[in-house]
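As given, the protein sequences belong to chains X and D, one line each in that order.
Each residue of the first sequence is one higher than the one before, starting from 133 at the first, in my numbering.
Each residue of the second sequence is one higher than the one before, starting from 5 at the first, in my numbering.
Every residue gets a Cβ at the ideal spot worked out from N, C-alpha and C, and that includes glycine.
To start, the structure under review is shown below, and the notes come after it.
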Amino acid sequence: MFIFLCISLLLSSTSIMGISRLIPLFFNSEIRSHVSESADKLRLMGLWLINIDIVKVESKDLDTCFTWEYEYRSKEKVYPKELITNCTNEN
Amino acid sequence: MKINLKHISLAIIFLGIAFRFTNLTFPDMTTDEVQAALGTSPAWTPLGMMILRGAQAIFGHEIFVVRMVSVIFGVAFLPLFYNLCRLYCDKKTSLLAVAIAAIFPTHILFSKLSYLSIQLCFAWTLTLYAFLRARKDPSMKWLSLLYVSSVVATMTKTQGLLLPVFLVVGIVTEELCRAISGPRTADRKKNIEIVLTLLLSLIPTFFYILSNPGVFATVLQYGGNMYGVSEPGNRVFDLIYTWWHVLYLFFIAIIFSLNSYRKLDWPFCITLGTGILTGLVLGPAHDYYATYLVLCALPISIFLMKRKSIYRNISIAMLTLMTVFMFAPISLIRTPWMHVHYLSYPYWNNHSDDINEVLKDEEVITILGGPGHHVRWYLDPQLLVGDNMQEPYETDYVLVLRDRDLARELGHIVYEDTETSIVQISK
Numbered sequence: 133m134f135i136f137l138c139i140s141l142l143l144s145s146t147s148i149m150g151i152s153r154l155i156p157l158f159f160n161s162e163i164r165s166h167v168s169e170s171a172d173k174l175r176l177m178g179l180w181l182i183n184i185d186i187v188k189v190e191s192k193d194l195d196t197c198f199t200w201e202y203e204y205r206s207k208e209k210v211y212p213k214e215l216i217t218n219c220t221n222e223n
Numbered sequence: 005m006k007i008n009l010k011h012i013s014l015a016i017i018f019l020g021i022a023f024r025f026t027n028l029t030f031p032d033m034t035t036d037e038v039q040a041a042l043g044t045s046p047a048w049t050p051l052g053m054m055i056l057r058g059a060q061a062i063f064g065h066e067i068f069v070v071r072m073v074s075v076i077f078g079v080a081f082l083p084l085f086y087n088l089c090r091l092y093c094d095k096k097t098s099l100l101a102v103a104i105a106a107i108f109p110t111h112i113l114f115s116k117l118s119y120l121s122i123q124l125c126f127a128w129t130l131t132l133y134a135f136l137r138a139r140k141d142p143s144m145k146w147l148s149l150l151y152v153s154s155v156v157a158t159m160t161k162t163q164g165l166l167l168p169v170f171l172v173v174g175i176v177t178e179e180l181c182r183a184i185s186g187p188r189t190a191d192r193k194k195n196i197e198i199v200l201t202l203l204l205s206l207i208p209t210f211f212y213i214l215s216n217p218g219v220f221a222t223v224l225q226y227g228g229n230m231y232g233v234s235e236p237g238n239r240v241f242d243l244i245y246t247w248w249h250v251l252y253l254f255f256i257a258i259i260f261s262l263n264s265y266r267k268l269d270w271p272f273c274i275t276l277g278t279g280i281l282t283g284l285v286l287g288p289a290h291d292y293y294a295t296y297l298v299l300c301a302l303p304i305s306i307f308l309m310k311r312k313s314i315y316r317n318i319s320i321a322m323l324t325l326m327t328v329f330m331f332a333p334i335s336l337i338r339t340p341w342m343h344v345h346y347l348s349y350p351y352w353n354n355h356s357d358d359i360n361e362v363l364k365d366e367e368v369i370t371i372l373g374g375p376g377h378h379v380r381w382y383l384d385p386q387l388l389v390g391d392n393m394q395e396p397y398e399t400d401y402v403l404v405l406r407d408r409d410l411a412r413e414l415g416h417i418v419y420e421d422t423e424t425s426i427v428q429i430s431k
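Below you can see the structure in the form of structure tokens.
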């Protein structure tokens, strides 16, 4: 059983490291309420939301900024990743 | 040489394998196929998509390559299924069950398309097989196979975690019933080891789901309409309607064989039930969930083996003929029982080269008209989803799907066919 546990934790290592960037989403309801607004701004840019990941959430005063990592994929090509930041009090 | 049931079963198995190779590149890639092939679904665990990307990295980005992955899993399922059936019945019945599985319409269909249901069907069946072997003999060999197959199932597609979870619930329920009705048995130690193995196998997918909000986002997006248990009567009706239109005579065979399920134990029934529940809860109109019904080939076989040989042979002949009508090469014959994929004109396979020739100098274009993900497979430039954007569009060209009037309003049309217009935007 111990070897199964070790393998499971090894397979989970990448995911566990990624959880830290999402902690604000899990524990702050106000931040969670702004996520869809931020995602809508990305839609207005014409981006495919299927290719996108949150990498950072920052709260400063009354403003919440989300940094997204966008990667477009087509059949032959994976485009370079793009970091896009938008904040709640932007126009 | 006298032809017996074994020869007939083997011939049908070879026929079923052959049908998995026919018409592979005819239908257009669908939205779900492209999501899997490009590795872009945020709702799925990554292994299934990684296998498809890996195949493309080695053999090229071709429709044939991504669909061959499904063919391989579809063919590999058959010997695995034989070994599973042998845990329940004799060689003759098992071979007949494999023959029925080989010509089972939904298993053939999704062995020819790059949906992930065929990979998950294989992984779930392997998990069930390892589970049953571990129940009889919890040696490191069978526990390791159980662990690996369960991890593979959970990481192939997110819904893959359902079977290990339900198997754990099944064992716990069994132990509770035993605890109520009698003293502790030697099986308890075996069951504890199996439960621990399954729980440990769920750890990677647990952390993957926690670290990928796309899974929760997808559940929230579709929850209450496509996902869920709302309008249960309509869901059951849609499920049966979908099954009938992809199975026909096989659906009737499933109904006739219902009594045979009494010979099968709860792990088998839970595995089949998980497949049915997945379809019911996640989208009864989606025919790819009917892939898992291939497990019904075993009770169908048990039912047929109890019949007189004349009735058995007629039934097998009718089922085989049904499959021939559904999956014969379309260059030879087209029948109304064929799936809509094989009856519809493959627009993108026939027109994407022409469209890409027009757009060959463009890095980015805007696309309007509710594009599905399949357009990202077929079109070379990067695409911006114009339906969510406001004019004026930033790109020099706009591709409009199925709306010539809109295309004319936008600017100068440089390409037009029955489905698509390409507009050059004047700035």
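Exercise. Assuming Y86 of chain D and V75 of chain D form a contact by the criterion Cβ under 8 Å, report the distance between their Cβ atoms to the nearest whole angstrom.
Key: With 8 Å as the limit, Y86 of chain D and V75 of chain D do not qualify as a contact, their Cβ atoms being about 18 Å apart.
Practice problem: May I ask which residues mark the beginning and end of the alpha helix (DSSP H) holding Q123 of chain D? | Solution: S121 to K140
Quiz item: Name the chain X residues whose beta carbon is nearer than 8 Å to that of V389 of chain D?
Solution: R175, G178, L179 and W180
Quiz item: Is P311 of chain D helix, strand or coil by DSSP?
Solution: For clarity, residue 311 of chain D is Arg in the given sequence; the question names Pro instead. Coil.
Quiz item: With a CB to CB cut of under 6 Å and the five nearest residues on each side skipped, what residues in its chain are close to F23 of chain D?
Solution: I112 and F331
Practice problem: Find out if the Cβ-Cβ distance for the pair H378 of chain D, M33 of chain D is shorter than 8 Å. | Solution: yes
Quiz item: Listing by chain order, which chain X residues have their CB less than 8 Å from the CB of S205 of chain D?
Solution: F136 and S140
Quiz item: Residues of chain D with CB under 7 Å from N183 of chain X, in chain order?
Solution: T44
Exercise. Return the bridge partner residues of R205 of chain X from the DSSP annotation.
Key: X:V210
Self-check item: Local conformation of C273 of chain D per DSSP, three classes
Solution: helix
Exercise. Would you kindly work out how many angstroms separate the C-alpha atoms of S356 of chain D and G283 of chain D, rounded to a whole number?
Key: 33 Å
Self-check item: CB of Y382 of chain D within 8 Å of CB of K267 of chain D, strictly
Solution: no
Self-check item: DSSP state of Y401 of chain D mapped onto helix, strand, coil
Solution: strand
Quiz item: With distances taken from CA atoms, which of D:L150, D:V402, D:Y293 and D:L308 is nearest L251 of chain D?
Solution: D:Y293
Practice problem: With V70 of chain D as the anchor, note down where its alpha helix (DSSP H) starts and where it stops. | Solution: I67 to C89
Quiz item: Cα-Cα, which of D:G52, D:I371, D:L206 and D:S115 is closest to A80 of chain D?
Solution: D:S115
Exercise. Return the bridge partner residues of W48 of chain D from the DSSP annotation.
Key: W48 of chain D is not bridged to any residue.
Practice problem: Could you name the residues of the region 343 to 372 of chain D whose beta carbon sits closer than 7 Å to any beta carbon of chain X, in the order they occur along the chain? | Solution: T370
Practice problem: Compare the C-beta of D384 of chain D with all C-beta atoms of chain X and state if any pair is closer than 8 Å. | Solution: yes
Quiz item: Taking contact to mean at least 3 C-beta pairs separated by less than 8 Å, is the region 151 to 159 of chain D in contact with the region 122 to 140 of chain D?
Solution: yes
Quiz item: Residues bridged to C197 of chain X by DSSP?
Solution: X:E190 and X:C219
Practice problem: Consider the Cβ of E214 of chain X: report whether some Cβ of chain D lies at a distance smaller than 8 Å. | Solution: no
Quiz prompt | Paired residues, beta bridge with Y419 of chain D - DSSP | solution = D:I426
Quiz item: Looking at the C-beta of E162 of chain X, does it have a partner C-beta in chain D at a distance below 8 Å?
Solution: no
Quiz item: I184 of chain X and F211 of chain D: beta carbons closer than 8 Å?
Solution: no
Exercise. Starting from the beta carbon of Y204 of chain X, find every residue of chain D whose beta carbon is closer than 7 Å, and list them in chain order.
Key: Q386
Exercise. Decide yes or no for the touch test of the region 307 to 324 of chain D against the region 208 to 220 of chain X: beta carbon pairs closer than 8 Å, at least 3 of them.
Key: no
Quiz item: Going along chain D, which residues have a C-beta under 9 Å from E208 of chain X?
Solution: H65 and D384
Quiz item: Quick one: what's V176 of chain D bridged to in DSSP?
Solution: According to DSSP, V176 of chain D bridges with nothing at all.
Quiz item: Between the Cα of H65 of chain D and the Cα atoms of D:F170, D:W247, D:G390 and D:D384, which residue gives the shortest distance?
Solution: D:D384
Quiz item: Can you tell which of D:L19, D:T35 and D:Q163 has its C-alpha closest to the C-alpha of V223 of chain D?
Solution: D:Q163
Quiz item: When DSSP builds the beta bridges, which residues end up paired with Q60 of chain D?
Solution: Paired residues: none, contrary to the question.
Quiz prompt | Whether H416 of chain D touches S425 of chain D by CB criterion (8 Å) | solution = no
Quiz item: Between V70 of chain D and A183 of chain D, what straight-line distance do the alpha-carbon atoms span, to the nearest angstrom?
Solution: 50 Å
Practice problem: State the Cα-Cα distance for the pair D141 of chain D and I198 of chain D, rounded to the nearest angstrom. | Solution: 11 Å
Exercise. Kindly indicate if chain X contains any beta-carbon less than 8 Å away from that of P396 of chain D.
Key: no
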